[in-house]
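For the sequence shown, the positions run 27 to 853 when this note's numbering is used. Every residue, glycine too, gets a C-beta built ideally from N, C-alpha and C. Notes follow the structure.
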Amino acid sequence: MPTFIKEKLLRILLLPFVMAISANLIAQQVTGKVTDQNGEPLPGVSVLIKGTTQGTITNLEGIYKISVTNPDKDVLVFSYVGMISEEHPVAGKTEINVSMQPKTELLDEIVVVGYGTIKKRDLTGSVSSVGGDQLRDIPLTSTAQAITGRLAGVQITTSEGSPDADVRIRVRGGGSITQDNSPLYIVDGFPVDNIGSIPPTDIVSIDVLKDASSTAIYGARGANGVVIITTRSGSKGATRISYNAFMGTKEIAKKLDVLSPYEFAVAQYERAQGSALDRNNFTKRFGTWNQLDSLYSNIKGTDWQEKVFGQNAPTIYHNLSLEGGSDKTTYSLSLTNNEDKGIMIESGYTRNNVNFRFDNAATEKLKLSFDVKLADTKVKGAGTSDPGTSTTNRLKHSVIYRPINGLYDFTSDPDLEFQDDAYYELSGLTDPVTLAHDEYRLKHQTLATLNGAFTYTIIPHLSYRMELGYNNFQERRDRFDGLTTVAARQYGNKPIAAIQESRKITLRMANLITYDLKEFAGGNSMNIMAGQEIIDSRSKVFSEEVRSFPADITANMALGSMALGEDVQPPYTFETADKLASFFGRANYSFKDRYLASFTIRADGSSKFSPKNRWGIFPSFSAGWRISEEPFMKNIPVLSYLKIRASYGQAGNNRIDDMLWRTTFKVANDKLYYLNETPYTFFYPDPNNLPNPDLKWETTITRNAGLDIGIFKNRIMLNVDLYKNSTKDLLIQSTVPPETGYLYQMRNIGRTSNRGIEFVLDAIIIEKKDLRLTANMNISFNKNKVEELGLTGSDYFLQGSGWNNDVGADYIVKVGKPVGLMYGFVT
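Here it is, written out as structure tokens:
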């Protein structure tokens, strides 16, 4: 065959391939611009080829470029936080411009409730929510800051002034008198003891369940409300990396008003009038009465509050996050570092967090999820005023320690110098700066949480879900008391060192079956869920204390070489277990999107009670009428939304120590007894608590009526809730007659009530192309009262807060009065 014929034949055979390649090269590049509803460019929008992991993101001008392999069949998926995801077939086009719309209106927001979610417009209970988009641009270092002032009926305080101070959240007042009024905290489905270790930048939403129709699904743990926190998960699209950082500084906001140097001198003069000796000593140290004004009126004295709490405390916060995924798999990784020096001297705080989440749709029927949360926290220094700590009250000493040293400030005569030991014997006070250095405290906490779940769709509308969780909390507390501390003065004026290690492991398993039928038989919708849950918590505490260290020893040396102490105390060990088994169910029903109803029931069995009282059953019911969907409301254009709702239900409380229903014993290693010259450890009943086998659940009954109004196409939304909560069978630590040999006994006595009203107003004031202005206001009123105490021969008892060791009781619990009423002399 001639050569020219071979070349011609080869060209003919290669022509289809060349044409296909050329066509593919021509059609492979797709560009466009993505804007919001006002035409403004959207940077960071994920553009993904559907069914693949191939994608890109828009630049600062909203422009994107992407290569497609099959321009006739490929579909581009556009997704962005807060916007409705869109799909656009390429269909041979080289330019696709997209205008994205906001994902939800106020009423279409998704609210997380127990073991599920629901649209805000379908709620029949009382729930307050904060979305991550409301927190994203605000520099926050703690979850408490994220919700302070944002939720009606929710009060946020801190226990004291240290950087890691516990956050106290009260939902509608709380009903317990001597027990914990904190709500139940749920983070990504797992119950936790506190929320202080969660970085605010990882939060997607915070939902607070306030009435029993919402909380009853949690049964025993929901009496004081439920705070549900959802953290970030991955999303479809190309991998996105974001970095969030801020720096700030803190200082004491307000100092307490204390005596001036002149006022202090006058007070000392009046105190010295009791005897001639005291008068002579006063004159020697402070001068005569006629000299006080000239000596002390124009001097500043020592501001101990400024010296102890006057540090400029820098705060540094870093967060690095990575997320992305495909149609079937999404992932999210977040790293956070927070450094806080603390306004109090000898204090500081460091927290590091790692959060990882992985979700996978293994098949059309099977979905898997897994997340890991790690937190490492170090806290240096003691608290400021918390009576639960083992330190001297910083705040008390700072406000009442002497501001002057009398005539010694003018003459430096050593005979006039105040001796700290003598002054301590006289007043019980120590120089607070010296005390802060002498009381060394270091707390190191680690927290590891692992959650896994799979969801399997058995048949259409029917699914099964299993959740498994593991939580490991470990803590070490190092304590050193130098020469000027109360502890050292009590034991031979020599330093003391102590180490306490604690660990708590919690295991959780839950099984859920859900039947969800959106619409059937002419406007009916139904969601039915039934489940079972087991939670097993085990705690262990070990501590050792050594006294009589050399006077000049440092804290690090003592804690690192405990053998240098001469007086070794017997070690202390404590172990406890808390088990909870539960069965629960919930049914939600809707007819024609107008009439709503929900029924919930839960049965809880707790190891905190004896077998005869172990189980508690907590039902609830709620209903709502969306009046704005009725035909007769269509002719009122101003009123765009109107719903009334009501609920009634019960929730339980078992937040007491373990094993109070049975006799517990203590071990006295330092008190041995002998049989045939053989030593045996001495066991004796715990004298603090008389066992009570009749203990049962504390129960809170809630009643709630609500009204939701939207006007001007829901640009203004008003929510009003009226409630009354009654708590009965209060778990109260009661004193018992001394002849019993015990000090206290836990009993079910008494009843309290909380009633109030809440208002929430949301408004979109301005919404233009280049400006959006929104406003939120909430206000609530709560009245708390002790209805009954069940005491024999008395309608009150006194309690001590522990803030001042010199005062045994500083508040009173009295029938007809609010809980926590301050008690004492008016000055």
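In the DSSP output, what is Ala677 paired with across the bridge? In the sequence shown, residue 677 corresponds to position 651, counting from 1. Ala677 pairs with Thr726.
Does the separation of the CB atoms of Ile164 and Ile232 fall below 7 Å? On the sequence shown, position 138 is the one that residue 164 refers to. On the sequence shown, position 206 is the one that residue 232 refers to. No, these two residues do not count as a Cβ contact at 7 Å.
For the putative contact between Leu400 and Ala474, defined by C-beta atoms under 8 Å, what is the C-beta separation to the nearest angstrom? Start at 1 with the first residue of the sequence shown, and residue 400 comes out as number 374. Start at 1 with the first residue of the sequence shown, and residue 474 comes out as number 448. The Cβ separation is near 5 Å, so the contact holds.
Cβ pair Pro713, Tyr768 closer than 7 Å: Locating residue 713 in the sequence shown gives position 687, where the first residue counts as 1. Locating residue 768 in the sequence shown gives position 742, where the first residue counts as 1. The beta carbons of Pro713 and Tyr768 sit closer together than 7 Å.
Give me the Cα-Cα distance between Leu585 and Asn364, rounded to the nearest whole angstrom. As a working mapping, residue 585 is identified with position 559 in the sequence shown. As a working mapping, residue 364 is identified with position 338 in the sequence shown. Note on geometry: alpha-carbon atoms of Leu585 and Asn364 lie some 27 Å from one another.
Taking 7 Å as the threshold (C-beta atoms), are Ala603 and Arg564 in contact? Start at 1 with the first residue of the sequence shown, and residue 564 comes out as number 538. Start at 1 with the first residue of the sequence shown, and residue 603 comes out as number 577. Cβ distance < 7 Å, so Arg564 and Ala603 count as in contact.
By the three-class DSSP mapping on this structure, what secondary structure does Gln317 have? Along the sequence shown, one-based indexing puts residue 317 at 291. Helix, per DSSP.
For Arg612 and Thr143, I'd like the C-alpha separation in whole angstroms. For this step, residue 612 is matched to residue 586 along the sequence shown. For this step, residue 143 is matched to residue 117 along the sequence shown. A straight-line Cα-Cα distance of about 12 Å links Arg612 and Thr143.
For Lys469, which residues from the same chain have a beta carbon less than 6 Å from its beta carbon, with the 5 sequence-adjacent residues on both sides left out? Counted from its first residue, the sequence shown places residue 469 at position 443. Val405 and Arg503.
So within the segment 366-427, which uninterrupted alpha helix (DSSP H) runs reach at least 4 residues, ignoring any that extend past its ends? For the segment 366-427, whole alpha helix (DSSP H) runs of length 4 or above, ordered along the chain, are 420-426.
Determine the DSSP secondary structure at Arg671, reduced to helix, strand or coil. Counting from one through the sequence shown, the residue named residue 671 turns up at place 645. In the structure shown, Arg671 falls within a strand segment according to DSSP collapsed to helix, strand and coil.
Taking the alpha carbon of Asn740 as the reference point, which residue from Phe575, Pro226, Val664 and Ser648 has its own alpha carbon closest? The sequence position of residue 740 within the sequence shown is 714, counting from 1. Nearest of Phe575, Pro226, Val664 and Ser648 to Asn740, Cα basis: Val664.
Under 7 Å between the Cβ atoms of Gly251 and Pro217? Counting from one through the sequence shown, the residue named residue 251 turns up at place 225. Counting from one through the sequence shown, the residue named residue 217 turns up at place 191. Their beta carbons are not under 7 Å apart, which means Gly251 does not touch Pro217 by this criterion.
Grab me the residues of Thr689's own chain with a C-beta within less than 7 Å of its C-beta, minus the 5 sequence neighbours each way, in chain order. For the purposes of this step, residue 689 is identified with residue 663 of the sequence shown, where counting begins at 1. A distance below 7 Å between beta-carbons, with the five flanking residues on each side excluded, links Thr689 to the following residues of its chain, in chain order: Pro711 and Pro717.
So Phe610 and Gly245 are supposed to be a Cβ contact under 8 Å. How far apart are they, rounded? Reading the sequence shown from its first residue, position 584 is the one you call residue 610. Reading the sequence shown from its first residue, position 219 is the one you call residue 245. Confirmed, about 7 Å.
What did DSSP end up calling His487 once you bin it into helix, strand or coil? As a working mapping, residue 487 is identified with position 461 in the sequence shown. The answer is coil: DSSP assigns His487 none of H, G, I, E or B.
Exposure label - Gln294; buried when at least 16 CB within 10 Å: On the sequence shown, position 268 is the one that residue 294 refers to. Under this definition Gln294 is a buried residue.
Could you name the residues that DSSP lists as bridge partners for Leu476? The residue you call residue 476 lines up with position 450 of the sequence shown. Note: Leu476 sits in a beta bridge opposite Val398 and Tyr496.
So, using beta-carbon positions, are Gly508 and Asp464 closer together than 7 Å? One-based indexing of the sequence shown puts residue 508 at position 482. One-based indexing of the sequence shown puts residue 464 at position 438. Yes, they are a contact pair.
Cβ-based burial, Thr227 [other Cβ within 10 Å; buried from 16]: Residue mapping note: residue 227 aligns to position 201 of the sequence shown, counting from 1. Buried is the call here.
Over what stretch of residues does the alpha helix (DSSP H) that includes Leu461 continue unbroken? In the sequence shown, counting from the first residue as 1, residue 461 sits at position 435. Pro458 to Asp464 is the extent of the alpha helix (DSSP H) around Leu461.
Using a 10 Å radius around the Cβ and a threshold of 16 neighbouring Cβ atoms, would you call Trp687 buried or exposed? Along the sequence shown, one-based indexing puts residue 687 at 661. Per the 10 Å Cβ criterion, buried.
Please state the DSSP three-state secondary structure of Gly736. By one-based count along the sequence shown, residue 736 stands at place 710. It is a strand residue.
If you reduce the DSSP assignment to three classes, tell me which class Pro711 lands in. Indexing the sequence shown from 1 puts residue 711 at position 685. Note: Pro711 maps to strand in three-state DSSP.
Of the choices Ala801, Ser648, Met126 and Asp630, whose alpha-carbon is the least far from that of Arg729? What you label residue 729 is simply residue 703 of the sequence shown in a count that begins at 1. The candidate whose alpha carbon is nearest that of Arg729 is Ser648.
Candidates Leu303, Gly274, Phe396 and Ile325, of which the one nearest Ala291 by Cα: Here residue 291 refers to the residue found at position 265 of the sequence shown. Ranking Leu303, Gly274, Phe396 and Ile325 by Cα distance to Ala291 puts Ile325 first.
If you drop the 5 nearest sequence neighbours on each side, which residues of the same chain put their C-beta closer than 7 Å to that of Asp821? The count along the sequence shown starts at 1 and reaches residue 821 at position 795. The beta carbon of Asp821 sits closer than 7 Å to those of Leu815, Lys840 and Val841, all from its chain and outside the five residues before and after it, given in chain order.
On the DSSP bridge list, what partners appear for Arg781? Here the question's residue 781 lines up with position 755 in the sequence shown. Partner(s): Lys750 and Lys809.
If distances are taken between C-alpha atoms only, which option among Glu592, Asp562, Lys634 and Gln558 comes closest to Ser574? The residue given as residue 574 occupies position 548 in the sequence shown. Among Glu592, Asp562, Lys634 and Gln558, the Cα nearest to that of Ser574 belongs to Glu592.
Closest Cα partner of Ser347 within the set Asn379, Ser323, Leu68 and Gly678: Numbered from its first residue, the sequence shown carries residue 347 at position 321. For the residues Asn379, Ser323, Leu68 and Gly678, the minimum Cα distance to Ser347 belongs to Asn379.
List the endpoints of the continuous beta strand (DSSP E) containing Phe436. In the sequence shown, the residue the question calls residue 436 occupies position 410. Phe436 -> not in any beta strand (DSSP E); alpha helix (DSSP H) instead, spanning Tyr434 to Thr437.
Leu51 to Phe384 span [Cα, whole Å]: Position 25 of the sequence shown, counted from the start, is the residue given in the question as residue 51. Position 358 of the sequence shown, counted from the start, is the residue given in the question as residue 384. With a pLDDT of 46 at Leu51, under the threshold of 50, the modelled position of that residue is not reliable, and no figure is offered here.
If you draw a straight line from the C-alpha of Leu68 to the C-alpha of Gly157, how long is it? Residue 68 sits at position 42 when you count from the first residue of the sequence shown. Residue 157 sits at position 131 when you count from the first residue of the sequence shown. If I take the Cα positions, the gap works out to 20 Å.
Considering only residues of the same chain and omitting the five flanking positions on each side of Phe644, which have a CB-CB separation below 6 Å? Looking up residue 644 in the sequence shown gives position 618. Cβ neighbours of Phe644 beyond the five flanking positions: Ala242, Gly245, Arg628, Gln676, Ala677 and Gly678.
Suppose the cutoff is 6 Å on Cβ atoms and the five residues either side in sequence are ignored; what does the same chain contact list for Ala462 look like? As a position in the sequence shown, residue 462 is number 436, starting the count at 1. Once the five neighbours on either side are set aside, the close Cβ partners of Ala462 are Ile371 and Glu372.
Quick one: what does DSSP say Gln6 is sitting in, helix, strand or coil? Only positions 27 to 853 of the chain appear in this structure, which leaves residue 6 out of reach.
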